Amino acid sequence: MAMTTMLYREEFPPATSEKGGTLPDQQSIHKHSSSSANARTNARSSSFNDLHTTSQGTDRISQSHSQTSNNMSSITPDRVEKGLAPLLPIPAFGDLGKAANDLINKDFYHAAQGTLDVKLNAPNGTKLNVKGKQGFDGVTSGSVEGKHVLKPQGITITQAWSTASLLDSKVELNDVVADGVKVDLQNLWNPSKAGSAAQKLNLAFKNPNVHSRAFLNYGTAKGNIDAVVNVTAGSDGFLVGGEAGYDVQKAAITRYSLGLGYQTPNYTASIVGTQNLSIIAASYYQRVNTSVEFGAKAGYDVNAQKASGLEIASKYKLDPLSFAKAKINDRGIAALAYSTKLNAGTTLGLGLSLDTNKLNEAGHKIGTSLTFEG
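All the letters of the sequence shown, read from the start, carry residue numbers 101 to 474 under my numbering.
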């Protein structure tokens, strides 16, 4: 089970004195608001440092604060005034360690010889996503997904089909039942396999301090309901959470997990015990600066009393349109990746995997990825 952490990186503008030059005080704002129309016109055409001292600048600053507040609902003005770090949204239990896991696992393109991803947006709000890939064994697979969002009603309808003949239908209700509550109804069916139908009911609730989820799975073949419930609570960046699986037919707990974490806008750390606390995974992520990110993950098998893996990865933003990534694990397997936007709707990705212990032998992998958006 992947354990990850959500991370939001919006930076809240610091409030300093008028001499500091970042945000003006109220007296300065009112003073400039009462100036002549010519002065205001000249101020609007000046740089942002001049703009923030006019009434227009005040409006833009207020709008920026409002957008930040919408994205990070748990931010409170008193924390900003006191110079404290903003509170980030509480992640789901399965997202403890997400930032590190994403850095280590995503955007490395060597897993397949070639990958194609086409994303299209229709005028009526429907989104179409077509994916295809060819593995190193020569097998080609793909999927088609259509998604329609009814924003006023808070409803999202998704229909997907894959080359494995799996039909996936999902209806999502956001804040329809109650504020902060999300309901997902999903049906999975493979027409080529009898008794393959399965239904899922997913429930989620979140507020500034708690994020809880429940998953109910009904399998037609077995006629049994499996349930998974998890919850994460947090305060001042500290996180604690747990998860339990339950077999309704047997009336027994099938598994349980526990996790701890800490998150800030620039770094996050977590330690999670899964499979009845027999596997321990620790992860760390840090945004070193605007161009560099670093992440690491280590595992320990309690039953075997030995380390089960170690990986470190880094990402470097070359320019606004491209980045490079690198990672290596404790077995000496290294991976390199490069991604760049060729134009507004096309992204190219190149990946290379090397066994550093066997550089003179075959087995290295090279993969490419193309993404089209329109």
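Glycine included, each C-beta is placed from N, C-alpha and C at the ideal position. Quantities reported herein were computed from a predicted structural model and do not represent experimental measurements.
Residue i in three-state terms, based on DSSP
i: residue 201; result: helix
i: residue 419; result: strand
i: residue 208; result: coil
i: residue 195; result: helix
i: residue 237; result: coil
i: residue 284; result: strand
i: residue 307; result: coil
i: residue 426; result: strand
i: residue 302; result: strand
i: residue 386; result: strand
i: residue 244; result: strand
i: residue 225; result: coil
i: residue 180; result: Caution applies to residue 180, whose pLDDT of 49 falls short of 50 and renders its modelled position unreliable; the value that the coordinates give is listed next. Residue 180 falls in the helix class under three-state DSSP.
i: residue 471; result: strand
i: residue 414; result: strand
i: residue 408; result: strand
i: residue 249; result: strand
i: residue 277; result: coil
i: residue 341; result: strand
i: residue 232; result: strand
i: residue 295; result: coil
First through last residue of the beta strand (DSSP E) which encompasses residue i
i: residue 66; result: The structure shown does not extend to residue 66, since the chain is modelled only from 101 through 474, so no value can be given for it.
i: residue 312; result: 310-319
i: residue 187; result: Residue 187 -> no beta strand (DSSP E), and no H or E assigned at all.
i: residue 461; result: Here residue 461 belongs to no beta strand (DSSP E), and DSSP marks it neither H nor E.
i: residue 221; result: 214-221
i: residue 260; result: 255-262
i: residue 290; result: Element bounds for residue 290: n/a, residue is neither H nor E.
i: residue 395; result: 392-401
i: residue 443; result: 433-443
i: residue 274; result: 267-274
i: residue 324; result: 324-335
i: residue 446; result: 446-455
CB of residue i within 8 Å of CB of residue j, strictly
i: residue 398; j: residue 410; result: yes
i: residue 227; j: residue 215; result: no
i: residue 358; j: residue 370; result: no
i: residue 434; j: residue 454; result: yes
i: residue 318; j: residue 337; result: no
i: residue 73; j: residue 331; result: Only positions 101 to 474 of the chain appear in the structure, and residue 73 is not among them; the question remains open.
i: residue 468; j: residue 217; result: no
i: residue 372; j: residue 197; result: yes
i: residue 327; j: residue 316; result: yes
i: residue 285; j: residue 271; result: yes
i: residue 421; j: residue 441; result: yes
i: residue 255; j: residue 273; result: yes
i: residue 222; j: residue 245; result: no
i: residue 383; j: residue 403; result: no
i: residue 333; j: residue 323; result: no
i: residue 220; j: residue 365; result: no
i: residue 412; j: residue 396; result: yes
i: residue 243; j: residue 262; result: yes
Nearest-angstrom beta carbon gap, residue j and residue i [assumed within contact, 8 Å]
i: residue 292; j: residue 309; result: That pair is no contact at about 46 Å.
i: residue 451; j: residue 210; result: 4 Å
i: residue 385; j: residue 367; result: 6 Å
i: residue 329; j: residue 344; result: 6 Å
i: residue 249; j: residue 225; result: 5 Å
i: residue 439; j: residue 202; result: Contact doesn't hold; Cβ gap of about 14 Å is too wide.
i: residue 465; j: residue 236; result: 7 Å
Restricting to runs no shorter than 3 residues, where is the beta strand (DSSP E) found entirely within the region 348-382? 352-363, 367-374
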